[in-house]
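S.K.:
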Amino acid sequence: MALQWLILVGAIWLQSINGTNSNFPAYSSEFKRLLSLSQLQLNNLAFASDAGKLLGFISGVVSSHLPLWLVLLIGSLLGLVGYGVQYLFLSDHIPFLSYGIVFLLTVLSGNSICWINTVCYMITISTFPFDRHVAVGLTTSYIGLSAEIYTDLVSVFFPSSPSSSSPTETAKAYLLLNSVSPLVVCVFCAPIVRCANNGESRRLEGGFVVMFVITIGTGIFAVISSFGKIARGLPPFVVVIGMGVFLMAPLAVPLVENVMERFQKKCWLRRQGRIYDVGVVEGGGGERAEEGRKEEEESGGGGSFEVVEEVGVKERAEVGRIEVEESGGGAGRCEAGVEEVGVKEMVKRSLEGSGGLLHWSPCLLRLGSLAV
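Heads up: the sequence shown is residues -19 to -1, 1 to 353, going by mature numbering (1 follows the signal peptide of the UniProt record, and there is no 0).
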């Protein structure tokens, strides 16, 4: 069941970068300054992201008609457009955006989150039908890591210094990551999503225990590394590497499961090979017995004599049965004749089943003829 766990790991990665709306405070002040917004208008922009989630049913309808990997890519492209246009505006590549357009772009960005969430829920439920409540809760918990992940990435790829740091550069960094990161991860996880319905399903418990331990460790690391004193004492790239290790740690479960499946398959093939060897030996013994029986029949030592004896006995039994029926009496003799026929049938079957008893057939046939 390594494929099941790999699909769960893919859903965890998707959810880890899907909380892009949590970065709104990092660039909202720049929009307030450039567009001369009031605090009420800024609050409405914050609501716009949640308003996009009200249209999340669209992704559910589309997912029933399109493959899930395509739904995943559509969601990432919506985020690319929503956040990308806002990034171009802050970068002065677009001279002007009205408040209404920014509001619609924020709605589109919030709606893109629903498309990725829909895919994650569907592949998790279909892959773990017996433990779907546990699997869905596990993957959903990783949405809380999004803000920490994006903050760590900004601190590494867009380092700030007292001379060059500015709120505008920080806002552009967050918008750029919001637009590009989901697309990259979705393209990487699309092949995993395509395999979501190709595996068997069974109840899995041991793997979830390992996943819970990894998730708790990831959360503890994220909280500790976000403290001010600890964060200032650790280089940013160390925090990013540590977070990357914790995000890659769930891969240990499908890897171990794959090794166990290969080992069990080899053991099964070896066991099947032993059974085949035993069958060949037994089949060879039966073939030798059959060849011995045919040789004895071809030698003429007793085969024709046995046939004549059997024909004679049958004729005498038939004559005796007719005489008893004509005389109208002797129910005991009828029963004796029936018993003799039964004995002959059993003898015949035993002779057909074993070639080693052929040399006893004349004696058995003579005993049958005496019974008549």
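Backbone N, C-alpha and C define an ideal beta-carbon position, used for all residues, glycine too.
(1) State the DSSP-derived secondary structure class of glutamate 238, mapped to helix, strand or coil.
(2) Taking C-alpha atoms, which residue in Val190, Gly81 and Pro217 lies nearest to aspartate 112?
(3) I'd like to confirm something about valine 190: is its beta-carbon nearer than 8 Å to some heavy atom of the ligand ZN, or not?
(4) So which of Arg243, Cys167 and Lys13 has the shortest CA-CA distance to glutamine 67?
(5) Quick one: is valine 42 buried, meaning 16 or more other Cβ sit within 10 Å of its Cβ, or exposed?
(6) Which term fits methionine 103, buried or exposed, when burial requires 16 or more other beta carbons within 10 angstroms of its beta carbon?
(7) Mapping the DSSP letters down to three states, classify proline 48 as helix, strand or coil.
(8) Report the CB separation of serine 162 from isoleucine -3 in whole angstroms; it is logged as a contact under 8 Å.
(9) Which residue's Cα is closest to the Cα of serine 45: Glu11, Val100 and Lys34?
(10) Could you tell me the distance, in whole angstroms, from the CA atom of cysteine 167 to the CA atom of serine 93?
(11) Our contact map puts leucine 23 next to serine 9 with C-beta atoms below 8 Å; I'd like the distance itself, whole angstroms only.
(12) Identify whether arginine 347 lies in helix, strand or coil by the three-state DSSP scheme.
(13) Relative to the C-alpha of leucine -17, which residue among Glu150, Gln20 and Arg175 is closest?
(14) If you draw a straight line from the alpha carbon of threonine 121 to that of glutamine -5, how long is it in whole angstroms?
(15) Grab me the residues of isoleucine 106's own chain with a C-beta within less than 7 Å of its C-beta, minus the 5 sequence neighbours each way, in chain order.
(16) When you compare only the Cα positions, how much space is there between serine 57 and leucine 250?
(17) Assuming methionine 192 and aspartate 133 form a contact by the criterion Cβ under 8 Å, report the distance between their Cβ atoms to the nearest whole angstrom.
(18) Output the distance between the C-alpha atoms of threonine 151 and alanine 7, rounded to the nearest integer angstrom.
(19) For valine 62 and leucine 85, which I take to be in contact (beta-carbon distance under 8 Å), what is that distance rounded to the nearest angstrom?
M.R.: Judging by the given coordinates:
(1) In the structure shown, the three-state DSSP call for glutamate 238 is helix.
(2) Aspartate 112 has its Cα closest to that of Val190, out of Val190, Gly81 and Pro217.
(3) Among the components modelled here there is no ligand, and therefore nothing to report on the ligand ZN.
(4) Lys13
(5) The residue in question, valine 42, is exposed, as its Cβ has fewer than 16 Cβ neighbours within 10 Å.
(6) buried
(7) Coil, per DSSP.
(8) Correct: roughly 5 Å between the Cβ atoms.
(9) Comparing Cα-Cα distances from serine 45 to each of Glu11, Val100 and Lys34, the minimum goes to Val100.
(10) The alpha-carbon atoms of cysteine 167 and serine 93 are separated by roughly 12 Å.
(11) 6 Å
(12) Any reading at arginine 347 must be qualified, since the residue scores a pLDDT of 47, below 50, and its modelled position is unreliable; the value itself is stated next. It is helical.
(13) Arg175
(14) In this model, threonine 121 and glutamine -5 are separated by some 7 Å (Cα to Cα).
(15) Arg113 and Val117
(16) The straight-line gap from Cα to Cα measures roughly 45 Å.
(17) Not confirmed; about 22 Å, so no contact.
(18) 7 Å
(19) Not confirmed; about 11 Å, so no contact.
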